[in-house]
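Asker: Before anything else, here's the structure in question.
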Amino acid sequence: MSKLRILKVTAFYREYIRQSYRDGIVSSISPYQTQFEALFGSALLPLHTISRYLNAFPDLEVIDVIANADSLQAKWAEEHQVAVASNKNVVWHQIRHYRPDIVFIHDWMEWNSLFIQELRSSFPFIQKIICYHGGPLEDKRGTDFQAFDYVITASEALRSKYTAFGVQSHAVLHSFDPRVLDLLRDYRSQVTDTFRRDASQYDIVYCGSLFAGDSLHNERLKVITSLVRHGVSMKVFGLMNAEAKNALLDPQSDLYCPTLMELVEPPVFGLDMFAILSASRTVFNCHIDVAESSAGNMRMFEATGVGACLFTDWKSNLPDLFDPDSDLICYRNDEDAVMKSERIRSRAYDFEKIAKSGQARTLAEHKLSDRASQLRDIILQSV
Numbered sequence: 190m191s192k193l194r195i196l197k198v199t200a201f202y203r204e205y206i207r208q209s210y211r212d213g214i215v216s217s218i219s220p221y222q223t224q225f226e227a228l229f230g231s232a233l234l235p236l237h238t239i240s241r242y243l244n245a246f247p248d249l250e251v252i253d254v255i256a257n258a259d260s261l262q263a264k265w266a267e268e269h270q271v272a273v274a275s276n277k278n279v280v281w282h283q284i285r286h287y288r289p290d291i292v293f294i295h296d297w298m299e300w301n302s303l304f305i306q307e308l309r310s311s312f313p314f315i316q317k318i319i320c321y322h323g324g325p326l327e328d329k330r331g332t333d334f335q336a337f338d339y340v341i342t343a344s345e346a347l348r349s350k351y352t353a354f355g356v357q358s359h360a361v362l363h364s365f366d367p368r369v370l371d372l373l374r375d376y377r378s379q380v381t382d383t384f385r386r387d388a389s390q391y392d393i394v395y396c397g398s399l400f401a402g403d404s405l406h407n408e409r410l411k412v413i414t415s416l417v418r419h420g421v422s423m424k425v426f427g428l429m430n431a432e433a434k435n436a437l438l439d440p441q442s443d444l445y446c447p448t449l450m451e452l453v454e455p456p457v458f459g460l461d462m463f464a465i466l467s468a469s470r471t472v473f474n475c476h477i478d479v480a481e482s483s484a485g486n487m488r489m490f491e492a493t494g495v496g497a498c499l500f501t502d503w504k505s506n507l508p509d510l511f512d513p514d515s516d517l518i519c520y521r522n523d524e525d526a527v528m529k530s531e532r533i534r535s536r537a538y539d540f541e542k543i544a545k546s547g548q549a550r551t552l553a554e555h556k557l558s559d560r561a562s563q564l565r566d567i568i569l570q571s572v
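The following block contains the structure:
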């Protein structure tokens, strides 16, 4: 039986790529496959590692390329005698080389409708060009999404937005890869050892992005600043955009909170992130604004998956994913979050019991292998 070949054109966090080369995890002079395995193997994001599970099916073959890893892509071009004009040019040659039946693009902002049309006209062997997108959908980019055969997104709220644009889409929720638990057992690093030593100081830990802007993390910033203003002991690892930094330092801004700026540590990725989550008393979560009433971001499953007690915002579909009374601690707004944080501070919750319940739920109902099976069905039904 012939396999359906999928070329997954993915993009990693640029800061993760920079850290990996800077810290010697990856060397730009190493062969392409060595660099790829080092980058891909330590990222551990379900969006990327789902390929492992898709490749376990006898009717699929998935090949990944990391389109925004400059040194990696340059090495591929060198090994295949390709002149590098841009990373997009390298991807074009990778498609020509691998001849996929399906091109699955994960970073939609890099690929406009003209490029998608060029791929279709240049490579008639491509049956479908699909896209994953889980963030804000700007009106002006609707035509670019219409260039894809369909879009995979992470919530029903986003799926309905694509429908409004006339774009066929499917919702595949985020999940957790249980392999992380095996990898964590003996994992040590300087950043995680330092955190474990000081972890008891922090009532709440947050790992993730803080981006101000339309449909981004404005509610997240509002809740975190409320917590910090009320003296909650927090540790924050993450990235902030210029808009967020300016708002936190502007006395005229509703988000004015210079103390938060002092709390933010550089972002952590891969096993460093998972180790910090697992060692935390509670892990804060707040969905991106565009999620509206739908729960299900990556952090929910990452935190519960490693056995952390999750402190998350209420969404109407939350009871479909977890038991709000036993699997996590839930808040309704920033005022409620402050009130619940007082209970967290006073140890009014049985953190271990909640964490175990949440982890059991994730390992039973939200495994990456289950999402891979769902995605496989969507793909096969489309060809």
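For the sequence shown, our numbering gives the first residue as 190, with consecutive numbering after it. Ideal Cβ placement from N, Cα and C applies to all residues, glycine included. Please read all numbers here as calculations on a predicted model, not as lab measurements.
If distances are taken between C-alpha atoms only, which option among F225, T501, F400, V279 comes closest to S515?
Answerer: Among F225, T501, F400, V279, the Cα nearest to that of S515 is on T501.
Asker: Can you look up K542 in the DSSP assignment and give me helix, strand or coil?
Answerer: Note: K542 maps to helix in three-state DSSP.
Asker: Tell me D253's beta-bridge partners as DSSP assigns them.
Answerer: In DSSP, D253 forms a bridge with K197.
Asker: Checking 8 Å against the spacing of the C-beta atoms, do T448 and D366 come in under that value?
Answerer: Cβ atoms of T448 and D366: not closer than 8 Å.
Asker: If I measure Cβ to Cβ from S282 and keep anything under 8 Å in the same chain, skipping five residues before and after, which residues do I get?
Answerer: Reading off the sequence, residue 282 comes out as His, not Ser. Within the same chain, H282 has close Cβ partners A266, H269, V271.
Asker: Rounded to whole angstroms, what's the CA-CA distance from A492 to I518? Just pull it up for me.
Answerer: Taking the straight line from one Cα to the other gives about 12 Å.
Asker: Is the beta carbon of Y205 sitting closer than 8 Å to the one on A232?
Answerer: In contact: Y205 and A232 (Cβ atoms closer than 8 Å).
Asker: Could you check whether the stretch 241-261 touches the stretch 553-569, counting it as contact only if at least three pairs of C-beta atoms, one from each stretch, sit closer than 8 Å?
Answerer: The stretch 241-261, when compared against the stretch 553-569, does touch it at the 8 Å Cβ threshold.
Asker: Please report the distance separating the alpha-carbon of S275 from that of L507.
Answerer: Cα to Cα, the separation comes out at about 43 Å.
Asker: Are the stretch 425-443 and the stretch 386-404 touching, with three or more C-beta to C-beta distances below 8 Å?
Answerer: Touching, yes.
Asker: When the distance is taken between beta carbons, is F201 closer than 8 Å to N257?
Answerer: In this structure, F201 lies closer than 8 Å to N257 by Cβ.
Asker: When DSSP builds the beta bridges, which residues end up paired with K317?
Answerer: For K317, which the question treats as bridged, DSSP gives the partners I291.
Asker: Ordered along the chain, which non-local residues of its own chain (more than five positions away) have a Cβ less than 8 Å from that of L193?
Answerer: Here the set comprises D248, L249, E250, D290, I291, I568, L569, V572.
Asker: What's the call for P235, buried or exposed, on a 16-neighbour Cβ count within 10 Å?
Answerer: Result: buried.
Asker: Touching or not, the stretch 310-317 and the stretch 340-359, by the rule of three or more beta carbon pairs under 8 Å?
Answerer: Not touching, per the Cβ criterion.
Asker: By Cβ distance, which residues of its chain are closer than 8 Å to S302, with the 5 residues on each side in sequence left out?
Answerer: Only T332, D333, Q335, A336 meet the Cβ criterion.
Asker: Please report the straight-line C-alpha distance between L437 and C446, rounded to a whole angstrom.
Answerer: Answer to the nearest angstrom: the Cα atoms are 5 Å apart.
Asker: Span of the beta strand (DSSP E) holding K424?
Answerer: Element bounds for K424: 423-429.
Asker: Can V215 and L228 be called in contact, C-beta distance under 8 Å?
Answerer: Yes. Within cutoff.
Asker: Okay, do the stretch 533-548 and the stretch 351-359 touch, 3+ Cβ pairs below 8 Å being the bar?
Answerer: With a cut-off of 8 Å, the stretch 351-359 and the stretch 533-548 do not count as touching, because too few Cβ pairs lie within range.
Asker: Assign K329 to one of three DSSP states: helix, strand, or coil.
Answerer: The pLDDT assigned to K329 is 48, lower than 50, so where the model puts this residue is not dependable; a value taken from the coordinates is nonetheless given after this. It is helical.
Asker: Looking at the unbroken alpha helix (DSSP H) that takes in D387, where does it start and where does it end?
Answerer: Here the alpha helix (DSSP H) through D387 covers 379-387.
Asker: For V198 versus G324, is the C-beta distance shorter than 8 Å?
Answerer: No. Outside cutoff.
Asker: Following the continuous alpha helix (DSSP H) through D566, name the residue where it begins and the one where it ends.
Answerer: D566 -> alpha helix (DSSP H) spans 557-571.
Asker: S398: beta carbon under 7 Å from a heavy atom of the ligand FMN?
Answerer: Of ligands this structure carries none, so the ligand FMN is not represented either.
Asker: Please list, in chain order, all residues of the same chain as D371 whose beta carbon is under 8 Å from its beta carbon, the five residues on each side excluded.
Answerer: Contacts found: none.
Asker: Give the straight-line distance between the Cα atoms of K264 and S217, rounded to the nearest whole angstrom.
Answerer: When rounded, the distance between both Cα atoms is 8 Å.
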